[in-house]
Amino acid sequence: MTSHANKGAAVGIPPRLLKFPLPEHAHDHPFFNQNVLASSMLSVMSAIFPSGERFFMESVRHFRDQIEDPVLKAQISGFIGQEAIHGREHEHLNEWFVSRGYDIGLAESTIKKSLGLLNKLPPSQRLACTVMMEHFTAILAEQWLTHDEFRDTSDPQALQLWTWHALEELEHKSVAFDVHRQVSQNPHFEKLLAAPLVFLTLTPGVTLSWLWVVYKQGHLLKWKENKRGFLALFGRKGFMTQCFKRIPEFFPRNHHPTDSDTKQLEDLWRKRLFGEEGELNHLY
Ligand SMILES: [Fe+2]
Ligand SMILES: [Fe+2]
Numbered sequence: 085m086t087s088h089a090n091k092g093a094a095v096g097i098p099p100r101l102l103k104f105p106l107p108e109h110a111h112d113h114p115f116f117n118q119n120v121l122a123s124s125m126l127s128v129m130s131a132i133f134p135s136g137e138r139f140f141m142e143s144v145r146h147f148r149d150q151i152e153d154p155v156l157k158a159q160i161s162g163f164i165g166q167e168a169i170h171g172r173e174h175e176h177l178n179e180w181f182v183s184r185g186y187d188i189g190l191a192e193s194t195i196k197k198s199l200g201l202l203n204k205l206p207p208s209q210r211l212a213c214t215v216m217m218e219h220f221t222a223i224l225a226e227q228w229l230t231h232d233e234f235r236d237t238s239d240p241q242a243l244q245l246w247t248w249h250a251l252e253e254l255e256h257k258s259v260a261f262d263v264h265r266q267v268s269q270n271p272h273f274e275k276l277l278a279a280p281l282v283f284l285t286l287t288p289g290v291t292l293s294w295l296w297v298v299y300k301q302g303h304l305l306k307w308k309e310n311k312r313g314f315l316a317l318f319g320r321k322g323f324m325t326q327c328f329k330r331i332p333e334f335f336p337r338n339h340h341p342t343d344s345d346t347k348q349l350e351d352l353w354r355k356r357l358f359g360e361e362g363e364l365n366h367l368y
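Here it is in C-alpha cells:
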C-alpha cells in the first residue's frame, strides 16, 4: 500500500486496489430484469464516471495544501485514492458495455465538454459543484445498496463493481464538503449556485446520450419494454425517483453529508464484501 493509501485507511477511507473481472457471463442487458432502457442508463453512468472522478479529484486536490487539519488531510488522500480506482475500474467496465453493443462514445465526449465548462469556474465554486455531485452520488450509492428491485433483478456479477463503488462513496461522502467549508469565503451561496450549474451543464448531455444508447440498440420505439424500464426508474418507488426526492436535503444552511446516517449500512457491506469471508477479498 502507498503512503497515501495508508493515510486514507487510517481515517476509514481505504483505497482498495481491486481489479474486477468483466462480467463475461452476464446477460447483455444486466440490470432490472434485462431491461435495455434501465441497463442503458447504468451504462451511461459508468461512461461518465471516469471523467467525473477526475473532476472530483482535481477540484479537491487544488486545496489540499491549504488544509492543516491532519485528519482532513488524510481523508483527502483516501478520497483521491478511492476515486482514482473507481475511474480506472469504470473505464475497464466501459469496454464490456461497448463489446455488448452499448454506444457510450457520445456520453464520454459530452461529459468531457460539460465538465470542461465547469472547469472554467473559480476553484471554490468548482469545488462546490463537486460537493453537489458527491451529494447526489452518495444518494445513488444508498440506492445501489438498498433498492430491492435493482438488487434482486440484476446480474450478481455485474452488481459487484457497483456495490464496491457504493460503499466507498459512502465512506468518503463528507470529504469534499468539509474541504469546501474550510476554504470557501461563502460556502452556502456557492452550494446554492452549484445546483443549477451542475443541473444545466450535465443533464441535457446525459439525457441525450442515454437516448442515443437506447436508439443504437434499436430499442427506442419498443414502448412496452421501455415503459417497464421507465417505471422501474421513475415510477413511484422507482430507482431514480427515490434519488431525486432527496436532492433538497442539500440546500439547508446547516446541512452536512453525515445528516443521513449511513454508518450501519457501511458496516454491513464492509463486512459482507471485505470481512473474514468477504465476497470481494479474492479481487485484491
Ligand atoms: Fe467514485
Ligand atoms: Fe465520490
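In terms of our numbering, the sequence shown opens at residue 85 and continues consecutively.
Here a beta-carbon is modelled for each residue, glycine too, at the ideal position from N, C-alpha and C.
All of these numbers come straight from a predicted model, not from anything done at the bench.
{"query": "Of the listed residues V263, L349 and L277, nearest to R148 (C-alpha basis)", "result": "V263"}
{"query": "heavy atom of ligand 2 below 7 Å from F140 C-beta", "result": "yes"}
{"query": "Extent of the continuous alpha helix (DSSP H) run through S183", "result": "P154 to S183"}
{"query": "Three-way DSSP call (helix, strand, coil) for Q301 in this model", "result": "coil"}
{"query": "Sequence-ordered residues whose beta carbon comes within less than 6 Å of a heavy atom of ligand 1", "result": "E137, E167, H170, H249 and E253"}
{"query": "Extent of the continuous alpha helix (DSSP H) run through I97", "result": "Premise fails: I97 is in no alpha helix (DSSP H) and is neither H nor E."}
{"query": "Reference R354, options V267, K321, Q241 and H249, closest by Cα", "result": "H249"}
{"query": "beta-carbon E218 near ligand 2 non-hydrogen atom, thresh 7 Å", "result": "yes"}
{"query": "Distance cut-off 7 Å: H340 Cβ against heavy atoms of ligand 2", "result": "no"}
{"query": "Which of helix, strand or coil DSSP assigns to E363", "result": "coil"}
{"query": "Assumed close pair Q266, I160 - CB separation to whole angstroms, cut-off 8 Å", "result": "The Cβ separation is near 11 Å, so there is no contact."}
{"query": "Supposed contact pair F234 and H116 - C-beta distance, whole angstroms, cut 8 Å", "result": "Checking the displayed sequence, the identity of residue 116 turns out to be Phe instead of His. Going by Cβ atoms, the distance from F116 to F234 rounds to 7 Å, so yes, they are a contact pair."}
{"query": "Element boundaries [alpha helix (DSSP H), containing V135]", "result": "The displayed chain sequence assigns Ser, not Val, to residue 135. V120 to R145 is the extent of the alpha helix (DSSP H) around S135."}
{"query": "Cut-off 7 Å between Cβ atoms - residues of its own chain near W296, not counting five sequence neighbours on either side", "result": "D187 and L190"}
{"query": "Spatial neighbours of T221 in its chain, beta-carbon cut-off 6 Å, leaving aside the 5 residues before and after", "result": "E253"}
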